[in-house]
Amino acid sequence: MAIVAGADFGTLSVRVTLLDSEKGRLGTAVAEYPLHRRREDPDYATQSHDDQMEALVRATRQVLEQTGTRGEDVAAMALDTTGSSVLMVDDAMQPIGPYYLWCDHRAHREAREITELAHTTGLEAIEWCGGVYSHEWGWAKLLHWLRNATAEERGRFGTAIENCDMVAATLTGVTDPAGIKRSVCAMGHKWMWNPKWGGMPSEEFLIRVDPLLAGIREKIGGEYLTSDHIYGGLHAHWADRMGLKAGIPIPVGAFDAHWDALGAGCKEGDVVNVVGTSTCIIAMAEKTQLVPGVCGVVPGSVDPQLTGIEAGLSAVGDIFEAIARRAGKNVKELAQGLESYRAGQTGLLRLSWDNGDRTVLVNPELGGITLGWNLIHTAQDELHAAIEGTAFHTRIILERMEEYGVPVERVINGGGIPQNNATLNQIYANVLNKPVLVPDGVPTSLGSGIIALVAAGVYPSIEAAQAALCLPFKTYMPEAKAAAVYERLYALYRKVYFAFGRPDASAVVLGDVLRQDAGWTGSRRLHPQEPAGRSEGHDLRSEAHQHQDG
Numbered sequence: 012m013a014i015v016a017g018a019d020f021g022t023l024s025v026r027v028t029l030l031d032s033e034k035g036r037l038g039t040a041v042a043e044y045p046l047h048r049r050r051e052d053p054d055y056a057t058q059s060h061d062d063q064m065e066a067l068v069r070a071t072r073q074v075l076e077q078t079g080t081r082g083e084d085v086a087a088m089a090l091d092t093t094g095s096s097v098l099m100v101d102d103a104m105q106p107i108g109p110y111y112l113w114c115d116h117r118a119h120r121e122a123r124e125i126t127e128l129a130h131t132t133g134l135e136a137i138e139w140c141g142g143v144y145s146h147e148w149g150w151a152k153l154l155h156w157l158r159n160a161t162a163e164e165r166g167r168f169g170t171a172i173e174n175c176d177m178v179a180a181t182l183t184g185v186t187d188p189a190g191i192k193r194s195v196c197a198m199g200h201k202w203m204w205n206p207k208w209g210g211m212p213s214e215e216f217l218i219r220v221d222p223l224l225a226g227i228r229e230k231i232g233g234e235y236l237t238s239d240h241i242y243g244g245l246h247a248h249w250a251d252r253m254g255l256k257a258g259i260p261i262p263v264g265a266f267d268a269h270w271d272a273l274g275a276g277c278k279e280g281d282v283v284n285v286v287g288t289s290t291c292i293i294a295m296a297e298k299t300q301l302v303p304g305v306c307g308v309v310p311g312s313v314d315p316q317l318t319g320i321e322a323g324l325s326a327v328g329d330i331f332e333a334i335a336r337r338a339g340k341n342v343k344e345l346a347q348g349l350e351s352y353r354a355g356q357t358g359l360l361r362l363s364w365d366n367g368d369r370t371v372l373v374n375p376e377l378g379g380i381t382l383g384w385n386l387i388h389t390a391q392d393e394l395h396a397a398i399e400g401t402a403f404h405t406r407i408i409l410e411r412m413e414e415y416g417v418p419v420e421r422v423i424n425g426g427g428i429p430q431n432n433a434t435l436n437q438i439y440a441n442v443l444n445k446p447v448l449v450p451d452g453v454p455t456s457l458g459s460g461i462i463a464l465v466a467a468g469v470y471p472s473i474e475a476a477q478a479a480l481c482l483p484f485k486t487y488m489p490e491a492k493a494a495a496v497y498e499r500l501y502a503l504y505r506k507v508y509f510a511f512g513r514p515d516a517s518a519v520v521l522g523d524v525l526r527q528d529a530g531w532t533g534s535r536r537l538h539p540q541e542p543a544g545r546s547e548g549h550d551l552r553s554e555a556h557q558h559q560d561g
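Okay, so the sequence shown: first residue is 12 according to our numbering, each after it adds one.
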């Protein structure tokens, strides 16, 4: 028997879980930290490294006290974080300002310039990150910082480092950029790193993007390692502060969604939708193959023995929160009664681009679209349509992955939202027309605990640890009637998605979309509690509308 700690740094808090190798989860504690935004600049999103570390101390001590566990009995600690969340540090590893958090979108211009030059010069790396470099990723954020930093700040620049690597470096006492170990997960998915072309993009390419990048490539140095390697031992300073034993192994970290997928039981052939403020879609395959529009295909990024594939939606829970906020409610209040809505009932078709499109269009400049409004629609109707829209968008992504050889044998809904939203899970099953599995319990931070158990030598592999500790599943089966409605609506969604989303789209006839989608002519929308007693009519959603003369 062994006890380990798994830490999961999210957008607003860190969650620390103690995991027993035989009993499973012993307890979890959460500590919050502030996210800094600016009303005058909606693209701005930063966070303090010190705030994160203080929260880690609080959460670790809380979970030890809560479970009655002695700190000296904890055999290892592993951590994952958001990404790409980038920190600029000096030569002593001290932060020069805050993190550019994953949801900081200020680097639009920089991302476009990198993308355009990559295609002009035939840079192979751009094809491995979906054909478009994102404003959410490392090089774009670093270049934005260089362009906006003072001369003094640029003069202090030692390196740029991902959140997961910075936390591990801090915990293990690294005080020189030369001692950094870098996560293959972070650098492969967000920095165009791959041993296939010798690591990073060339110095020549970077200087052509902007001369400010001269000499930066060699400063993004260190070892590039998968998470089956040890970053170092826990430094005495942090061991004392957290109440743990000095020297316990800290493995190389990764992104939260990738380890959440492991905690949800992801194996080859599975796709895990890690549904939270956004959705990260994680799959694994033996074969390494390009998938156009998918933001990362990286060997070893999830399970070191397999190729990790990452895609996702730029906003999901954030969209639900925004709809509820505009209605003066929280999501839980607004969602009451959604379980009685039928497929397509609202007459609304909603595209989930409120924070841009991460996959497969990779276009941050898109905005959310809702089609089919009339004068009696409610915020609750929009919330239901938004859930349907995120499910449709997920289907677009899964079909693209399957088209390019990624096996999609099981769909698992992980992350925080599926634990508390049976309506969402059922809609996803109906839209995807596949069984949707949901861990029967909270899988968040379980993945980091699994990595910690392997690092401590308790289990010989990730697969062995998963078999012992992953949660059983609840299964949501597709409902034939709803799936048939969604099959027809999906054809409309797909047409609108590519017609509005691609600036180079060919002309598309859209005159039938509102007629079929909203179907208001000669019909009225049923209230969720009204009986559906309508005969078939011209409107697509015959299950949800009732004919009315005049």
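Each residue gets a CB set at the ideal place from its N, CA and C atoms; glycine is no exception.
Source: prediction; values computed, not measured.
Over what stretch of residues does the alpha helix (DSSP H) that includes residue i continue unbroken?
i, result
"T78", "60-78"
"C196", "195-201"
"I380", "Here I380 belongs to no alpha helix (DSSP H); instead the beta strand (DSSP E) covers 380-382."
Would DSSP call residue i helix, strand or coil?
i, result
"F484", "strand"
"L537", "Because the pLDDT of L537 is 43, which lies under 50, any placement of that residue in the model is unreliable, and the number read from its coordinates should be weighed accordingly. DSSP places L537 in coil when its eight states are reduced to three."
"N159", "helix"
"Y235", "strand"
"L224", "helix"
"G323", "strand"
"P429", "helix"
"R513", "coil"
"M253", "helix"
"P315", "coil"
"A13", "coil"
"L345", "helix"
"R526", "helix"
"D271", "helix"
"A151", "helix"
"L301", "coil"
"R117", "coil"
"K192", "strand"
"G460", "helix"
"P206", "helix"
"R505", "helix"
Which residue marks the beginning of the beta strand (DSSP E) containing residue i, and which one marks its end?
i, result
"D281", "281-286"
"E43", "35-43"
"T170", "170-173"
"V85", "85-92"
"T290", "290-296"
"L98", "97-100"
"V449", "447-450"
"G243", "241-244"
I'd like the list of long-range same chain contacts for residue i, defined as Cβ closer than 6 Å, with 5 residues on each side in sequence excluded.
i, result
"G1", "With the chain running from 12 to 561 in the structure shown, residue 1 is simply not present."
"A402", "I438, Y439, V442"
"G328", "G287, T288, I428"
"M253", "V68, T71"
"C196", "A265, F266, H269, S312"
"I320", "A294, V308, V417"
"A179", "Y242, I261, G264"
"G244", "G258"
What does DSSP give as the partner residue(s) for residue i in the beta ladder?
i, result
"R26", "D19, V41"
"I398", "Beta-bridge pairing links I398 to no other residue."
"R49", "D52"
"D365", "G367"
"R499", "Paired residue(s): none; R499 is not in a bridge."
"T186", "According to DSSP, which records beta bridges pairwise, T186 is partnered with nothing at all."
"D31", "I14, G35"
Taking residue i as the reference, which of the options has the closest Cα?
i, options, result
"A493", "A354, A397, D523", "A354"
"Q105", "L112, G94, M177, L30", "M177"
"T93", "S456, V524, D368, A495", "S456"
"E414", "V371, D101, A397, I398", "V371"
"M12", "V524, A516, Y487, Y470", "Y470"
"E173", "L157, A160, H200, R165", "H200"
"G304", "E498, L157, Y144", "Y144"
"N284", "W204, P212, K34, R421", "R421"
Note down, in chain order, each residue of its chain lying with its Cβ closer than 8 Å to the Cβ of residue i, except the 5 sequence neighbours on either side.
i, result
"E297", "E279, L317, T318"
"L394", "F331, I334, A335, V342, L345, A346, L349"
"A390", "I334, A335, R337, A338, K340, L345"
Here's a check: name, in chain order, each residue in its chain whose Cβ is nearer than 7 Å to the Cβ of residue i, leaving out the five neighbours to either side.
i, result
"I408", "I292, A322, T370, V371"
"G21", "T93, D267"
"I473", "L273, D314, I461, V465"
"F484", "L448, V449, P450, D451"
"L182", "L245, H246, W249, I261"
Does the beta carbon of residue i fall short of 8 Å from some heavy atom of the ligand SAH?
i, result
"G226", "In the structure shown, the ligand SAH is absent, as is every other ligand, since no ligand is present at all."
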